[in-house]
Amino acid sequence: MKVLVTVKEVAEADDDFAIEGTDIAESDLEYDLNEWDDYAVEAAVQLAEAGIADEVVTVTIGPERADETIRMALAKGADRAVRVWDDAFEGGFADVAAKVSTIEAVVEAEDPDLVLGGVQAADTGFGATGVALAERIGFEHAAVVNDLEVDADADVAHVHRELEGGVEELTDVDLPAVLTVQTGLNEPRYASLRGIRQAQRKEIDAKDLADLGLTAEDVESALAITSMYEPESESDAEIIEGGASETAGRLAEVLRDKGVGA
Amino acid sequence: MSDVLVVSEHRRGELRDASYEAITAGRELADARGGDLHVAVIGGDVDRFAEDLNREGVDAIHVVDDGEEFDHNVYQAAIAALLDRTDAGTVVAPNSVNGLDYAPAVAEDRSLPLVTDAIGFEYDGGLTVTREMYGSKVETTVDVDGDRHVLTVRGGEWAPAEGVGDAAIESVDVDLLESGARVTGFEEVGGGDVDIADADVLVSVGRGIEEEENLELVEELADALGATLSASRPIVDNGWLPKNRQVGQSGKVVTPDVYIAVGISGAVQHVAGMKGSDTIIAINTDPNAPIFDIADYGIVGDLFEVVPELVDEFA
Ligand SMILES: Cc1cc2nc3c(=O)[nH]c(=O)nc-3n(C[C@H](O)[C@H](O)[C@H](O)COP(=O)(O)OP(=O)(O)OC[C@H]3O[C@@H](n4cnc5c(N)ncnc54)[C@H](O)[C@@H]3O)c2cc1C
Ligand SMILES: Nc1ncnc2c1ncn2[C@@H]1O[C@H](COP(=O)(O)O)[C@@H](O)[C@H]1O
């Protein structure tokens with residue numbers, strides 16, 4: 006069985022950041038592997054270790070910079086990676102359908118039995134790519150999976166979907182399927198030194214749209230970000246100023262006033 | 003095309019609040035577009051649900067009597083059928099775990115632009131959606147192409163619809179294909195040693211604590227204050243505290259007198275579980291952390307410096 010893992014490099018804003026145009030200034034962003042995708046990679050690698058998956062391939066839509074993040078996934082045990090980038094993505098905001106068109110082409114080339122992705126990307130938070138992809142490629146799907154058992158003989162995944170309020174839905178999903186992975190599904194490993202060394206030799210196959218038989222039109226986005234701003238705080242919070250002991254002293258007063266710890 | 007179709011949500015015999023909020027959002031959009039508001043009731047105790055959902059501003063309720071619980075296969079087929087039958091251009095669904103299990107598929111199936119987790123929108127010949135990015139540190143406005151869309155709306159952003167409407171209620175038959183995903187049951191998680199929902203004072207710890215060993219620090223604070231210890235999700239995901247200590251959308255909803263958030267950023271799924279607390283206190287190094295937006299008192303500072311001092315105050 007082959008597992009394809011969608012992996013995104015996400016950006017996190019520094020404590021101090023400036024907005025330039027419709028995005029946060031590049032210099033105020035730190036990049037990392039999306040937390041949810043880290044759990045998806047771990048799930049795939051565990052399937053390989055259990056002898057259920059023969060190969061784990063990652064796919065990323067992202068610029069060359071993302072190679073560093075992709076290497077982390079390779080160091081944790083993914084076998085190889087595909088990274089797609091194209092001028093067509095530059096500057097715009099790819100909507101879910103544009104990403105799905107791109108990943109669809111990779112699915113056609115790779116022919117996986119199971120696709121794992123994250124519930125959401127931490128930076129843009131759409132929470133939609135996996136389910137939309139499943140619909141496009143005709144796979145079954147389940148969103149927000151926090152427990153996974155693959156029965157390869159029966160071609161079925163037994164999953165829990167984590168609903169609101171501490172309730173889990175138990176679902177059987179026929180393969181091939183796309184599952185979106187929730188944090189807590191497993192314990193993502195740290196990359197070992199050996200893993201990191203091996204990752205250097207693993208292949209990151211960089212492709213553009215033409216390589217996938219796509220054109221810029223196929224990834225045209227229906228969405229455009231027209232402004233970005235810091236939300237006006239509706240809070241009238243008292244911000245306690247000063248050093249640690251000063252602020253702790255004032256907070257202690259507040260707490261005692263409320264009868265806490267008195 | 004100017005009509006709006008709202009999809010309601012229920013679980014285990016109860017309509018969820020998100021349904022009434024989505025009706026308000028849907029009505030707002032239908033007003034802006036000069037269209038009617040349709041509400042879909044799919045599965046469960048459909049007649050009772052239809053009656054409850056018949057709130058002011060609802061023009062038509064479509065009932066699809068298939069199955070007891072949520073099944074995305076049924077939802078997708080039912081919404082597709084309703085888009086064919088009605089004049090609805092836009093689907094409005096809750097941005098819930100189940101909403102995200104069908105709305106992206108509906109958008110994909112119909113080749114409609116999809117915007118999830120909306121916190122506001124405007125319609126002025128075209129749709130512009132307000133949503134957050136970068137862990138709620140910024141807001142963006144997003145222009146959406148075309149006249150038809152799928153939109154999911156964040157919980158708690160629109161008031162629940164009230165009043166009694168005079169919607170026509172009609173039953174719709176939907177052809178279902180066999181589904182390759184079958185719900186076999188539900189499981190309650192939680193239980194355990196304490197119920198954090200009972201506590202008057204909660205000291206709640208987040209990823210800012212960095213290491214499991216450091217939990218001792220917040221435990222000391224909780225002890226000194228006679229408080230109960232709770233946590234954000236990553237602490238529980240890491241296995242540092244049991245699931246019954248998790249505050250938030252997928253954990254517990256708590257409403258203590260005092261909630262002290264230590265090293266918690268205030269992600270929307272966390273805030274959903276604690277915003278009803280009487281007094282919210284936040285200790286965080288990042289002045290832009292969204293937790294400060296809902297706090298009553300805030301210390302912009304390092305928890306490793308502030309918490310020990312605070313423990314000393316009560317020693
Ligand atoms: C479907 C779904 C359901 C979810 N359900 C829940 C839920 O029930 N509960 C929940 O909590 N989350 C939930 N989440 C996860 C949520 O989106 C966030 O990822 C999570 O709440 C972040 O936890 P955090 O604030 O502890 O960590 P972070 O967001 O990483 O924040 C850590 C904070 O600590 C601060 N910090 C760092 N160092 C220090 C220091 N030395 N002193 C003081 N402050 C410091 C940082 O500035 C930062 O603000 C859910 C997500 C999804 C998609
Ligand atoms: N640019 C991307 N490249 C690869 N995978 C992605 C990309 N964007 C989103 N995904 C996948 O889709 C999941 C959900 O993302 P989103 O729908 O954007 O919130 C992520 O956790 C990834 O697994």
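Sequences listed follow chains A and B, in order. Straight run, no breaks: the first sequence in the working numbering ends on number 267. Straight run, no breaks: the second sequence in the working numbering ends on number 317. C-beta: ideal position from N, C-alpha, C; glycine also.
Report task. Tell me, please, whether the stretch 302-317 of chain B touches the stretch 244-252 of chain A by the rule of three or more beta-carbon pairs shorter than 8 Å. Result -> yes
Report task. For N39/A, collect the residues of the same chain with a Cβ closer than 6 Å to its Cβ; drop the 5 residues on either side in sequence, then sort them by chain order. Result -> Counting only Cβ-Cβ distances below 6 Å, and skipping sequence neighbours, we find K13, V15, G123, A126, A127.
Requested in this report: Tell me, please, whether the CB atom of E113/A is closer than 8 Å to any CB atom in chain B?
Outcome: no
Query raised in the report: Which whole-angstrom value describes the C-beta separation of V64/A and L9/A, a residue pair presumed to lie in contact below a C-beta threshold of 8 Å?
Result: 6 Å
Query raised in the report: In angstroms, rounded to a whole number, what distance separates the CA positions of L217/B and L243/B?
Result: Near 9 Å, if we compare the C-alpha coordinates of L243/B and L217/B.
Query raised in the report: Taking 7 Å as the cut-off, is the CB of F144/A close to at least one heavy atom of ligand 2?
Result: no
Query raised in the report: Say the cut is 7 Å; is the CB of V236/B nearer than that to a heavy atom of ligand 1?
Result: The question names Val, yet the displayed sequence has Pro at residue 236/B. For ligand 1, at least one heavy atom lies less than 7 Å from the Cβ of P236/B.
Query raised in the report: What are the boundary residues of the beta strand (DSSP E) that A90/B is part of?
Result: 90-96
Query - For G200/A, three-class secondary structure by DSSP - result: helix
Report task. Could you list the residues in the stretch 142-167 of chain B with a C-beta less than 7 Å from some C-beta on chain E, going in chain order? Result -> Of the protein chains in the structure, A and B, none is chain E.
Report task. Enumerate, from N- to C-terminal direction, the unbroken beta strand (DSSP E) stretches of 3 or more residues contained entirely within the stretch 126-203 of chain A. Result -> 145-156, 161-167, 172-179, 182-186
Query raised in the report: Of all the options D126/B, N240/B, M276/B, which has the alpha carbon lying nearest to the alpha carbon of V255/B?
Result: M276/B
Report task. Could you tell me whether the Cβ atoms of V322/B and K263/A are closer together than 8 Å? Result -> Nothing about residue 322/B can be reported from this structure: the residues present for chain B run from 3 to 317 only.
Requested in this report: Answer yes or no: the CB of Q125/A versus the heavy atoms of ligand 1, is any distance below 7 Å?
Outcome: yes
Requested in this report: Check whether the Cβ of V131/B sits closer than 7 Å to any heavy atom of ligand 2, and report yes or no.
Outcome: no
Query - Coil, strand or helix - E243/A by DSSP - result: strand
Query raised in the report: When the distance is taken between beta carbons, is T118/B closer than 8 Å to A133/A?
Result: yes
Query raised in the report: Can you find a CB in chain B that lies within less than 8 Å of the CB of K263/A?
Result: Yes, K263/A counts as interfacial toward chain B.
Query raised in the report: Nearest-angstrom Cα distance between E122/B and G200/A?
Result: Inspection of the sequence shows that residue 122/B is occupied by Gly rather than by Glu. Looking at the two C-alpha atoms, the distance is approximately 45 Å.
Report task. Please name the residues in the stretch 292-304 of chain B whose beta-carbon is closer than 9 Å to at least one beta-carbon of chain A, in chain order. Result -> P292, F294, D295, I296, A297, D298, Y299, G300, I301, V302, G303, D304
Query - Alpha-carbon to alpha-carbon, V62/A and D179/A - result: 21 Å
Query raised in the report: Can you tell me the Cα-Cα spacing of R50/B and Y22/B, whole angstroms?
Result: 15 Å
**Report entry** For E71/B and P181/A, the rounded distance between their alpha carbons
**Finding:** 24 Å
Query raised in the report: Looking at F306/B and ligand 1, is the gap between the Cβ and the nearest heavy atom below 7 Å?
Result: At least one heavy atom of ligand 1 is nearer than 7 Å to the Cβ of F306/B, so yes.
Query - Near-chain B residues of the stretch 235-252 of chain A (beta-carbon distance less than 7 Å), N- to C-terminal order - result: E235, P236, S238, E239, S240, A242, E243, I244, I245, A249, S250, T252
Query raised in the report: Using a Cβ-Cβ distance under 8 Å, would E173/A count as near chain B?
Result: yes
**Report entry** Residue from H74/B, P115/B, P106/B whose Cα sits closest to the Cα of G91/B
**Finding:** P115/B
Query raised in the report: Nearest-angstrom Cα distance between D72/A and A297/B?
Result: 39 Å
Query - Minimum Cβ-Cβ distance from F131/A to chain B less than 8 Å - result: So, interface residue.
Report task. Within the same chain, show all residues whose beta-carbon is closer than 7 Å to that of L223/B, passing over the 5 residues directly before and after it, in chain order. Result -> V205, V309, L312, V313
Query - C-alpha gap between V220/B and L231/B, whole angstroms - result: Rounded to the nearest angstrom, the two C-alpha atoms are 8 Å apart.
Query raised in the report: Should R156/B go down as buried or exposed, given a rule of 16 or more other Cβ atoms within 10 Å for buried?
Result: Per the 10 Å Cβ criterion, buried.
Query raised in the report: Sorted by chain position, which residues of the same chain lie with C-beta nearer than 6 Å to G135/A's C-beta, five sequence neighbours on each side aside?
Result: G122, V183, T185
Requested in this report: Can you give me the start and stop residues for the alpha helix (DSSP H) that N75/B sits inside?
Outcome: 74-87
Query raised in the report: Does ligand 2 have a heavy atom nearer than 7 Å to the CB of G299/A?
Result: Because chain A here runs from 6 to 267, residue 299/A falls outside it and cannot be looked at.
Query raised in the report: Which residues, in chain order, does the stretch 154-174 of chain A contribute to contact with chain B at a C-beta distance below 8 Å?
Result: H165, R166, E167, L168, E169, G170, G171, V172, E173, E174
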